[in-house]
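All remarks here apply to the structure that follows.
Residue numbers (this note's numbering): 22 to 186.
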């Protein structure tokens, strides 16, 4: 990790998904496609699911002024009440991993989802992405089993209590 004098500067910006991928995230998208060829999360979303008018959004995390991670949320289609956000499109650039950026991005998404009146969050992760699974468990997510927990994926869920960290 970093010593106090070397702490990275982390900032977040809510951006339009398509605009971000046509500008600031071109390099990260290329890295993600090379690392995870054919991964379903790398295809552009259908419609405006990550747009505020649909209770979704997309965040880019900047590490020392450079785009280094991204993620978003949308209404979880498996909850007809609309109380659950699904965190999607989460990616941390390889050179920025293990810097605390993934944890900070997840905390930011949770806070924004709470502000958007979501009560729960779910997310999926690849069965072989052990580092990501450990991060989610540390942040209070619990693995759930069901239809979505298949095909080499793991599904996690968390209650987004007010002011929770």
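Ideal placement from N, C-alpha and C gives every residue a C-beta, glycine not left out.
Under the rule that 16 or more other beta-carbon atoms within 10 Å means buried, what is residue i, buried or exposed?
| i | result |
| --- | --- |
| residue 191 | With the chain covering only 22 through 186, there is no way to say anything about residue 191. |
| residue 56 | exposed |
| residue 22 | Summary for residue 22: the model assigns pLDDT 48, below 50, so the residue's position carries little reliability; its value from the coordinates is reported in the next sentence. Residue 22 comes out exposed. |
| residue 92 | buried |
| residue 32 | exposed |
Measuring CB to CB, does residue i end up less than 7 Å from residue j?
| i | j | result |
| --- | --- | --- |
| residue 71 | residue 38 | yes |
| residue 135 | residue 181 | yes |
| residue 162 | residue 139 | no |
| residue 160 | residue 127 | yes |
| residue 80 | residue 41 | no |
| residue 97 | residue 35 | no |
Tell me the DSSP secondary structure of residue i in three-state form.
| i | result |
| --- | --- |
| residue 181 | coil |
| residue 144 | strand |
| residue 22 | The predicted position of residue 22 is uncertain, since its pLDDT is 48 and thus under 50; a value taken from the coordinates is nonetheless stated next. Residue 22: coil per DSSP, three-state reduction. |
| residue 80 | strand |
| residue 12 | With the chain covering only 22 through 186, there is no way to say anything about residue 12. |
| residue 175 | strand |
| residue 47 | helix |
| residue 155 | helix |
| residue 28 | coil |
| residue 117 | helix |
| residue 75 | helix |
| residue 69 | coil |
Going by beta carbon distance, what residues of the same chain come within less than 6 Å of residue i, once the five residues before and after it are set aside?
| i | result |
| --- | --- |
| residue 73 | none |
| residue 145 | 174, 176 |
| residue 112 | 53, 91 |
| residue 179 | 142, 161, 162 |
Taking 7 Å as the limit between beta carbons, can you name the residues of its chain near residue i, skipping five residues before and five after?
| i | result |
| --- | --- |
| residue 94 | 77, 78, 106, 107, 108, 109, 130, 134 |
| residue 117 | 84, 89, 90 |
| residue 114 | 49, 52, 89, 90 |
| residue 45 | 81, 88 |
| residue 104 | 139, 140, 141 |
Kindly list the residues whose CB is nearer than 8 Å to the CB of residue i, restricted to its own chain and excluding five residues on each side of it in sequence; keep chain order.
| i | result |
| --- | --- |
| residue 25 | Because the pLDDT of residue 25 is 49, which lies under 50, any placement of that residue in the model is unreliable, and the question is left without a value. |
| residue 29 | 23, 84, 85, 120, 121, 122 |
Return yes when at least one heavy atom of the ligand GDP lies under 6 Å from the C-beta of residue i, else no.
| i | result |
| --- | --- |
| residue 43 | Absent from the structure shown: the ligand GDP. Ligands present: none. |
| task | Indicate whether the contact test is met: 3 or more Cβ pairs, each with one atom in the stretch 148 to 156 and one in the stretch 115 to 135, closer than 8 Å. | result | Taking a contact to require three or more Cβ pairs closer than 8 Å, the stretch 148 to 156 and the stretch 115 to 135 qualify as touching.
| message | With three or more beta-carbon pairs closer than 8 Å as the criterion, would you say the stretch 135 to 152 touches the stretch 171 to 183? | response | Because the criterion of three Cβ pairs below 8 Å is met, the stretch 135 to 152 and the stretch 171 to 183 touch.
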